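Residue numbers (this note's numbering): 52 to 301.
Quick notes on the structure that follows.
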Amino acid sequence: MKLGKILISGCISVIISLGPPKTLSSDLEPEITEHGALYRLKLSQFPLGVNVLRKIVRTPEGNYLATFKASSALIKIEEKSSFIITDEKIRSIEYLLVKKIMGKKQTENIIFDWKNSILKQGSQKSVLKVNTLDKLSMQYQLQLDLLKQKNLGIGMEFMYQVVDKKNIKEYKFRYIGKETISTTLGSLTTERLEKQSDNKNRTTIIWLANEYNYNLVRMLQNDGVRSWQLDIKENNWIKDEKTTGWTITN
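Here it is in structure tokens:
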């Protein structure tokens, strides 16, 4: 299903985490807190909306476990990333992606062996370079980087090296400016960023709420032919499924 595949590649690559309000003093380091949030994804030329859940918890070992889930009548996606944070830098440990589209299942597993500087993707091994992230941990690194910025300037860029389909790609976000938008949570002051793309026809904009630690409340992508928009529905702690393990639920 071509449209479903477009949804998967677009959503998973750029959706940023969203968490509860929190005030940071200048003496405190930015941090990621446990939370869950619900979104609704709508696509042009596609009658069914998609429910999206994002959550992050701390494991008994002290690691972070981030989860992304998208579900509709035809599509089920589960994405997980385990990582640690040291000196405001995220270090990925393991990443898992499971897709079920029209009954067809596809998986992707990445292991970050920092001790031996090896990146393992199935049977493929390559050199693991410093600051390499997976597609989920990258999103939380962006959040941390925004939290520690005292002054955001128009045109400021944030760049990351990300494992994407067995390649290392540069993800780049450019700060556009402030905008007040209406959401299910009320009127919110947001910061707008654009994800840079090699495709000149594709535009991806994200709106990050100031009072929610620069977390996502809206995202829009348009490639000139079709578009999709993600909007926040609920912003609270959600206990819906197991928070550990790597098994997708039905």
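By construction, the Cβ of each residue, glycine as well, lies at the ideal position given by its N, Cα and C atoms.
All of these numbers come straight from a predicted model, not from anything done at the bench.
Cβ-Cβ distance between residue i and residue j below 9 Å
i, j, result
"W279", "L267", "no"
"L198", "Y263", "no"
"I283", "L104", "no"
"N261", "L239", "yes"
"Y191", "E208", "no"
Proximal residues to residue i (C-beta, below 6 Å), its chain only, five neighbours per side dropped
i, result
"S133", "N114, L116, I144 and E145"
"Q157", "K150"
"I169", "K176 and L179"
"S77", "Any reading at S77 needs caution, since the residue's pLDDT is 41, under 50, leaving its predicted position unreliable; the model's value is listed next. So no residue of the chain qualifies."
"N160", "L147"
Reference residue i, options the options, closest by Cα
i, options, result
"L281", "N102, H86 and I83", "N102"
"K204", "F224, K251, G100 and D249", "Reading off the sequence shown, one finds Gly at residue 204, where the question assumed Lys. G204 has its Cα closest to that of F224, out of F224, K251, G100 and D249."
"K220", "Q247, L89 and T241", "Q247"
"T12", "R91, I136 and K127", "Nothing about residue 12 can be reported from this structure: the residues present for the chain run from 52 to 301 only."
"F97", "E285, R277 and N286", "R277"
"R243", "N218, N160, K216 and I256", "I256"
"I128", "L148, K201 and E159", "L148"
"L94", "M270, K166 and N167", "M270"
"A121", "K201, R91 and E245", "R91"
Close beta carbons around residue i, own chain, < 8 Å, minus the five adjacent residues each side
i, result
"R253", "Q272, N273, D274 and G275"
"S123", "L99, G100, V101 and N102"
"G228", "I205, E242 and R243"
"D164", "L170, K171 and L179"
"K217", "Q172 and Q175"
"L193", "I67, F209, Y211 and F224"
"N250", "D274"
"Q200", "M207"
Same chain, Cβ closer than 7 Å to residue i, neighbours up to 5 away in sequence not counted
i, result
"L187", "A117, F119, E130, S132 and Y146"
"M189", "Y211, V213 and Y222"
"I162", "E145 and K171"
Within-9 Å CB hit, residue i to chain B
i, result
"I219", "Although the question refers to chain B, the structure presented lacks it and comprises just one protein chain."
### Query
Does the count of Cβ pairs from the region 173-185 and the region 210-224 closer than 8 Å reach three?
yes
### Message
My parser needs the beta strand (DSSP E) runs of 3 or more residues fully inside the region 140-190; what are they?
### Response
Listed in chain order, the beta strand (DSSP E) elements of length 3 or more contained wholly in the region 140-190 are 140-152, 155-164, 169-172 and 175-178.
### Query
Quick check: the region 230-241 against the region 155-175, are there 3 or more CB pairs under 8 Å?
Contact check between the region 230-241 and the region 155-175: fewer than three CB pairs, one atom from each, fall below 8 Å, which does not count as touching.
### Query
What runs of the beta strand (DSSP E), each 3 residues or longer, lie entirely inside the region 243-296?
254-260, 266-273 and 278-286
### Task
For the region 76-137, list the alpha helix (DSSP H) runs that are entirely contained and at least 4 residues long, ordered along the chain.
List check, alpha helix (DSSP H) in window: nothing returned.
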